[in-house]
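Asker:
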Amino acid sequence: MHKLARLGIYAATLTMAMSPATAREIAAAEGGTTVVLDGDLRRCDFSLVTIAAMVPRPPLGTGSALIHASGSRAVAEVHVAIPNQPGTHYDVGLIQEPRPSSATCGPGDPGTAFTGMDTDAAGNGTVTIQDTIRSGTTGVWVFVERPSPISQNPAEFYTSEFVAPV
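Structure representation (structure tokens):
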């Protein structure tokens with residue numbers, strides 16, 4: 253009886269330890285794409301901004317997004333670890349591509365979705381963002397930014413390394 257109880261405890265512990273990784277693997281197996289978030293500033297058409305924006309300090313965080321299509325919706329599960337900014341609010345955007353270089357991609361613009369994310373005491377944050385896929389959309393990308401109180405440029409930013417197909 254004691255062996256059975258210990259086996260149950262070990263199985264429960266193993267299940268709890270594997271759950272987050274297993275959930276991501278299942279989503280990836282169902283057609284999801286894992287995209288690394290880099291400290292690059294991008295325009296709405298996903299082109300790289302080559303003139304560096306003035307930021308108070310370089311980004312010290314890491315992040316990734318698991319992006320997939322669910323029916324007629326694009327879904328991104330965004331994870332960040334920014335240990336130098338615990339308890340901080342970030343804006344998260346999901347941008348559909350292609351879009352003309354003249355198009356804007358702020359809150360309320362077609363082909364965009366936005367939400368907020370707050371990091372915990374260790375600087376970790378997770379949020380799921382989704383939007384209805386527009387006709388002609390071939391992919392989406394994600395950005396995470398911390399607004400600056402003194403500039404229109406973000407104080408800190410992370411963007412998708414590539415446009416993920418949907």
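Residue 253 is where the sequence shown starts when you use this note's numbering, and the numbers rise one by one after that.
Yeah, the Cβ is synthetic: ideal placement off N, Cα and C, and Gly gets one too.
For clarity, every value in this text was computed on a predicted model and none was experimentally measured.
Measuring straight from C-alpha to C-alpha, what distance separates Pro362 and Val418?
Answerer: Looking at the two C-alpha atoms, the distance is approximately 17 Å.
Asker: Give me the Cα-Cα distance between Tyr410 and Thr389, rounded to the nearest whole angstrom.
Answerer: The alpha-carbon atoms of Tyr410 and Thr389 are separated by roughly 22 Å.
Asker: Would DSSP call Asp370 helix, strand or coil?
Answerer: Three-state result, Asp370: strand.
Asker: So, does the region 341-349 touch the region 363-370, judging by three or more C-beta pairs under 8 Å?
Answerer: Judged by Cβ distances under 8 Å, the region 341-349 makes contact with the region 363-370, as three or more pairs qualify.
Asker: Report the rounded CA-to-CA distance for Ser354 versus Cys296, giving the unit in angstroms.
Answerer: Cα to Cα, the separation comes out at about 8 Å.
Asker: Determine the DSSP secondary structure at Ile278, reduced to helix, strand or coil.
Answerer: Bear in mind that a pLDDT of 43 at Ile278, under 50, signals an unreliable position, so the number given afterwards is only what the model happens to contain. Of the three classes helix, strand and coil, the one that applies to Ile278 here is helix, per DSSP.
Asker: Nearest by alpha-carbon distance to Glu329: which of Asp292, Ile381, Tyr342 and Gly283 is it?
Answerer: The option with the nearest alpha carbon to Glu329 is Ile381.
Asker: Buried or exposed, going by whether 16 or more other CB atoms sit within 10 Å of the CB of Ser324?
Answerer: Per the 10 Å Cβ criterion, exposed.
Asker: Nearest-angstrom Cα distance between Asp312 and Asn336?
Answerer: It should be noted that the sequence gives Leu, not Asp, for residue 312. Whole-angstrom Cα-Cα distance: 7 Å.
Asker: For Asp383, does the three-state DSSP call read helix, strand or coil?
Answerer: It is a strand residue.
Asker: Expressed to the nearest angstrom, what Euclidean distance is found between the alpha-carbon atoms of Thr302 and Asp292?
Answerer: Their Cα atoms are separated by approximately 9 Å.
Asker: Below 8 Å CB to CB, which residues in the same chain sit around Gly283 once its five sequence neighbours on both sides are set aside?
Answerer: Contacts found: His320 and Ala321.
Asker: Taking the alpha carbon of Gly339 as the reference point, which residue from Gly377, Ala407, Thr384 and Thr356 has its own alpha carbon closest?
Answerer: Ranking the options by Cα distance to Gly339, first place goes to Gly377.
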